Amino acid sequence: VQTNGHPLDALGDPTRRQIFESLQAGPRSVGDLAAGLPVSRPAVSQHLRVLEDVGLVTHRRDGTRHLYELDSAGVGVLRDWVDGFWSEALARFKAAAENSSTGGSS
Amino acid sequence: MSDALVIEIVRKTITVDCAVEEAFRVFTADAISWWPVESHSIHQSVAEIVFEPRAGGEVYEVSESGERGHWATVLEWDPPTRLVLAWNILNAEAEPTEVEVRFLPGDGGTRVELEHRGWERLADSGAEKRANYDTGWDFVLGEYVSRI
Numbered sequence: 016v017q018t019n020g021h022p023l024d025a026l027g028d029p030t031r032r033q034i035f036e037s038l039q040a041g042p043r044s045v046g047d048l049a050a051g052l053p054v055s056r057p058a059v060s061q062h063l064r065v066l067e068d069v070g071l072v073t074h075r076r077d078g079t080r081h082l083y084e085l086d087s088a089g090v091g092v093l094r095d096w097v098d099g100f101w102s103e104a105l106a107r108f109k110a111a112a113e114n115s116s117t118g119g120s121s
Numbered sequence: 010m011s012d013a014l015v016i017e018i019v020r021k022t023i024t025v026d027c028a029v030e031e032a033f034r035v036f037t038a039d040a041i042s043w044w045p046v047e048s049h050s051i052h053q054s055v056a057e058i059v060f061e062p063r064a065g066g067e068v069y070e071v072s073e074s075g076e077r078g079h080w081a082t083v084l085e086w087d088p089p090t091r092l093v094l095a096w097n098i099l100n101a102e103a104e105p106t107e108v109e110v111r112f113l114p115g116d117g118g119t120r121v122e123l124e125h126r127g128w129e130r131l132a133d134s135g136a137e138k139r140a141n142y143d144t145g146w147d148f149v150l151g152e153y154v155s156r157i
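Listed in order, the protein sequences are those of chains A and B.
Residue numbers for the first sequence follow my numbering, beginning at 16 and rising by one.
Residue numbers for the second sequence follow my numbering, beginning at 10 and rising by one.
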């Protein structure tokens, strides 16, 4: 049973990253997604379920089709991660730049 | 494409208490002194980070055993005020995102503005065109993926 993990954990798999990227262009059906990938439809469905469990993807019914699309909340978590990464990196940069600068004391 | 959902531009600003020239130098030529290589690099231990100082140059890490790992390609190199990188760590063939860093004089020090953008390009390029390549997301995940 897949427990709700972190979105980044779900993207640890290359096929799931490709599915995630494909969905950035807009909603797709399982068939559409499978057509562009070297994996079977059942495999794509399974990957979509994992992405759904971590909140990156949602699905809705469009007539008889199921359409999968990105979930804005999960994508927000990814953005926060990138944002947090640069915060940390720039804080370290600031410390290094001020440390190395000879006239840097205020 | 109207209903595309992509990551918004990431913008960061900090003020550093040193001259613009020194800030640019430390950011690029002395990146090894501050980049969090223990969590965000390709190799286990990184000895050096190289910014080739010209448009078209490469940014790469060198491991302690001398292996190179690609990080980015320099798109614009305007020392000491600005640089723009096509960021695709791990794989130069992967669709890049873009990182721009500006160094502006102010408040007796340097205002550093960083923008990480171009997420929509990951969507435009489509995964199917390059099923054999790592995806653009690999850059973001970097070492994170190999730790999980």
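Positions of the beta carbon are idealized from the N, C-alpha and C atoms, including for glycine.
Keep in mind the model is a prediction, meaning the values are calculated, not measured.
(message) I want to see whether chain B comes within less than 8 Å of A/E103, judged by CB atoms only; does it?
(response) yes
(request) Pull up the CB-CB distance for A/H81 and A/S44, whole angstroms please, since I reckon it's below 8 Å. (result) 7 Å
(message) Less than 7 Å between C-beta atoms, sequence neighbours within five positions excluded: which residues of the same chain meet that for A/P22?
(response) Once the five neighbours on either side are set aside, the close Cβ partners of A/P22 are V69, G70, L71, G89, V92, L93.
(request) Please go through the same chain and pick out, in chain order, the residues whose beta-carbon is closer than 7 Å to the beta-carbon of B/G118, but skip the five residues on each side of it. (result) T24, V25, D26, C27
(message) Within a Cβ cutoff of 7 Å, which residues of the same chain sit near A/V54, ignoring the five residues on either side of it in sequence?
(response) T30
(request) Please confirm if B/E17 has its CB atom under 8 Å from at least one CB of chain A. (result) yes
(message) Less than 8 Å between C-beta atoms, sequence neighbours within five positions excluded: which residues of the same chain meet that for A/D24?
(response) Only residues of its own chain outside the window of five on either side were considered, and among them V69 have a CB closer than 8 Å to the CB of A/D24, listed in chain order.
(request) Mind checking the region 35-65 of chain B against chain A and listing, in chain order, the residues whose C-beta falls within less than 8 Å of any C-beta there? (result) V35, F36, D39, S42, W43, W44, P45, H49
(request) Could you check which residue in A/P57, A/E103, A/F108, A/D86 has the C-alpha nearest to that of A/F35? (result) A/D86
(message) What does the alpha-carbon distance come out to for the pair B/E122 and B/V55?
(response) 26 Å
(request) With distances taken Cα to Cα, identify the nearest neighbour of B/P45 among A/S116, A/S115, A/K109, A/E113. (result) A/K109
(request) Go through its chain and collect everything with a Cβ distance to B/E17's Cβ below 7 Å, but skip five positions before and after it. (result) none
(request) For B/G115, I'd like the list of residues in its chain whose CB is within less than 8 Å of its CB, leaving aside the five on either flank, ordered along the chain. (result) T24
(request) Would you kindly work out how many angstroms separate the C-alpha atoms of A/R107 and B/R63, rounded to a whole number? (result) 25 Å
(message) Can you give me the C-alpha to C-alpha distance between B/L84 and A/G78, rounded to a whole angstrom?
(response) 46 Å
(request) Can you pull the chain A residues whose beta carbon is under 8 Å from the beta carbon of B/H125, in chain order? (result) V97, W101
(message) Counting only Cβ-Cβ distances shorter than 7 Å, please list the residues of the region 70-85 of chain B near chain A, keeping chain order.
(response) none
(message) Residues in the same chain with beta-carbon distance under 7 Å from B/A38, minus the five sequence neighbours each way, listed in chain order, please.
(response) F60
(message) Taking its Cβ as the centre, do 16 or more other Cβ atoms sit within 10 Å of B/G75, making it buried, or is it exposed?
(response) Burial call: exposed.
(request) Assuming B/A95 contacts B/P105 (C-beta within less than 8 Å), just tell me the rounded distance between them. (result) 4 Å
(request) Give the secondary structure of A/S44 by DSSP, where H, G and I count as helix, E and B as strand, and everything else as coil. (result) strand
(message) Can you look up B/P114 in the DSSP assignment and give me helix, strand or coil?
(response) strand
(message) Please tell me whether A/R64 has its Cβ less than 8 Å away from any Cβ of chain B.
(response) Residue-level contact by beta carbon fails for A/R64 and chain B, as no gap is shorter than 8 Å.
(message) Closest to B/R126 by C-alpha separation, out of A/L26, A/D28, A/G51, A/D98, would be which residue?
(response) A/D98
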